[in-house]
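**Student:** In the numbering used here, the protein residues as written are 3 to 259.
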Ligand code: DC
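Quick look at the structure:
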């Protein structure tokens, strides 16, 4: 499936023409990194962005912010599917340019909901368990589409998510699709969260990741799928630095005119 074809099917009413244009022979300014849960997209995107001094956009945090706002607002989950894009916009999501999270880190965008920073609540179990439900709602995706494009157009971006290369930035200068074995993704998740890498934890984490993969790939609107023009990078046997270096190499290769 061609990248922008996926977009048009998913958003019949959205203005998909208004995307940043691909320029001739310049280093990549919009880099789209997609892949399944736990493939290391966000950490990789952050490191690539820091090297290139481009802002980092973690698009998953937007879907998490919508989920958080709906839960905070007491909107019953059974009613989420009936939301329209205006109601989602009324939640007051904004992406603000913020200072780096750590010294030497990339500039980034911080999500605000109605003037508030949800902070660590975005990663809470309560939000994580419901975010794929919110992310499957067409109105939510339509509302977030323009927000992401408007933000990136001004600055360039390294964006990670599930539909960066297929829907949000079909003309991205570089598209990467990151994959790794489920067992390896589960192991990385446990290490990242400082949990014991025991067989039982591995099995549980793997089952959770695979369930999320199924929901993200199986939904009708903007499912997780590799764009035809994305570079597939299997990081199972790679260490973190190698995968970052490989993406930087691709990003620095002059683009075809
Ligand atoms: O990357 P993450 O775990 O923070 O993503 C949270 C959820 O949001 C995940 O279930 C998939 C969804 N998501 C999406 O549908 N599209 C994106 N561009 C990013 C995330």
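Even glycine gets a Cβ: it sits at the ideal position worked out from N, Cα and C.
For residue 98, which residues in the same chain have their Cβ closer than 7 Å to its Cβ, ignoring the five residues on either side in sequence?
**Tutor:** 111, 112, 114
**Student:** Hey, residue 158 and residue 34: beta-carbon distance below 9 Å or not?
**Tutor:** no
**Student:** Who does residue 179 pair with in a DSSP beta bridge?
**Tutor:** Beta bridge pairing from DSSP links residue 179 with 36, 234.
**Student:** Got a sec, what are the start and stop residues for the beta strand (DSSP E) residue 171 sits in?
**Tutor:** Unbroken run through residue 171: none, as it is neither H nor E.
**Student:** Does the beta-carbon of residue 176 have 16 or more other beta-carbons within 10 angstroms, so that it is buried, or is it exposed?
**Tutor:** buried
**Student:** Roughly how many whole angstroms lie between the Cα atoms of residue 119 and residue 190?
**Tutor:** 27 Å
**Student:** Is it true that the segment 128 to 147 meets the segment 212 to 223, where meeting means three or more beta-carbon pairs spaced less than 8 Å apart?
**Tutor:** yes
**Student:** DSSP beta-bridge partners for residue 118?
**Tutor:** 115
**Student:** Please tell me whether, using a cut-off of 8 Å, the distance from the CB of residue 180 to the nearest non-hydrogen atom of ligand 1 is below it.
**Tutor:** No, the Cβ of residue 180 stays beyond 8 Å of every heavy atom of ligand 1.
**Student:** Quick one: is residue 81 buried, meaning 16 or more other Cβ sit within 10 Å of its Cβ, or exposed?
**Tutor:** exposed
**Student:** According to DSSP, is residue 62 helix, strand or coil?
**Tutor:** helix
**Student:** For residue 229, is the beta carbon positioned less than 8 Å from some heavy atom of ligand 1?
**Tutor:** no
**Student:** With C-beta atoms as the reference, is residue 46 less than 9 Å away from residue 129?
**Tutor:** Going by C-beta atoms, residue 46 is not nearer than 9 Å to residue 129.
**Student:** Does the beta carbon of residue 44 fall short of 8 Å from some heavy atom of ligand 1?
**Tutor:** yes
**Student:** With a threshold of 8 Å (Cβ to nearest heavy atom), would residue 206 be considered close to ligand 1?
**Tutor:** no
**Student:** So, for residue 87: in the same chain, excluding its five sequence neighbours on each side, which residues have a beta-carbon less than 7 Å away from its beta-carbon?
**Tutor:** 141, 144, 145
**Student:** Is residue 126 a contact residue of ligand 1, with contact defined as CB to any heavy atom under 8 Å?
**Tutor:** Judged by the Cβ position, residue 126 fails to qualify as a neighbour of ligand 1 at the 8 Å threshold, every heavy atom of the ligand being at least this far.
**Student:** What is the rounded straight-line gap between the Cα of residue 184 and the Cα of residue 240?
**Tutor:** 14 Å
**Student:** Give me the Cβ distance between residue 105 and residue 57, rounded to the nearest whole Å; I'm assuming they're in contact under 8 Å.
**Tutor:** Rounded, the Cβ-Cβ distance is 16 Å, inconsistent with contact.
**Student:** Would you kindly work out how many angstroms separate the C-alpha atoms of residue 186 and residue 206, rounded to a whole number?
**Tutor:** 13 Å
**Student:** Per DSSP, which one or two residues make a beta bridge with residue 96?
**Tutor:** 114
**Student:** Helix, strand or coil for residue 161? Go by DSSP, reduced to three states.
**Tutor:** Looking at residue 161 - three-state DSSP - the assignment turns out to be strand.
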